[in-house]
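Notes follow once the structure below has been shown.
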Amino acid sequence: MPDSVCDSKLLKKTVEENRKIVIEADKKIEKTVQNIQNGIYPKEGIHFVSHMIGLFGQRLWFYHKTSHYSDQLKISDSCVGCGLCSQICPMKNIQINNQKASAGNRCTMCYRCISRCPQKAITLIGDTV
Ligand code: SF4
Ligand code: SF4
């Protein structure tokens, strides 16, 4: 789950090591886009075995994991009520009231809001972003 590299408690590597991973991922994305533009489509992860690994090693594990965290989203006082988190949450889990964001209990730990908040005001497992 590369999105979760922003939540400090989940970091298994240093911030610098994570920056390098993100830079390498960006390069891979750019190369893949160029290949697609040239008619070469990526085939990683579409094999049946890959689906099984993804299902048991990631999705089912995360479904179980998220059920314990769905109401744990913390939004600090640095929230300025811009509404970005509310717009991008796929679960419609964040509302803006009186210029402040507040979360419900439908979070699936996708980390979109945490990664994109301009104020770094949202955390889930860690205390800082
Ligand atoms: S994106 Fe951040 S600053 Fe904007 S409303 Fe959400 S929590 Fe507040
Ligand atoms: S982590 Fe994802 S699902 Fe949870 S509140 Fe943020 S955007 Fe919504």
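Residue 98 in numbering that gives the first Met the number 0 sits at position 99 of the sequence shown, and the numbers go up by one each step. Where a beta carbon is used, it is the ideal one built from N, C-alpha and C, also for glycine.
As assigned by DSSP and simplified to three states, the class of residue i
i: Ile-95; result: strand
i: Ser-66; result: helix
i: Ser-101; result: strand
i: Thr-31; result: helix
Check: residue i C-beta below 6 Å from any heavy atom of ligand 1
i: Ala-102; result: no
i: Val-79; result: yes
i: Arg-84; result: A quick correction: the sequence has Cys, not Arg, at residue 84. For ligand 1, at least one heavy atom lies less than 6 Å from the Cβ of Cys-84.
Beta-ladder partner(s) of residue i, from DSSP
i: Thr-122; result: Lys-73
Residues near residue i in its chain [Cβ-Cβ closer than 6 Å; skip 5 each side]
i: Lys-119; result: Val-128
i: Gly-82; result: Ile-95
Near ligand 2: residue i beta-carbon under 6 Å from a heavy atom
i: Cys-116; result: no
i: Thr-107; result: yes
i: Asn-96; result: no
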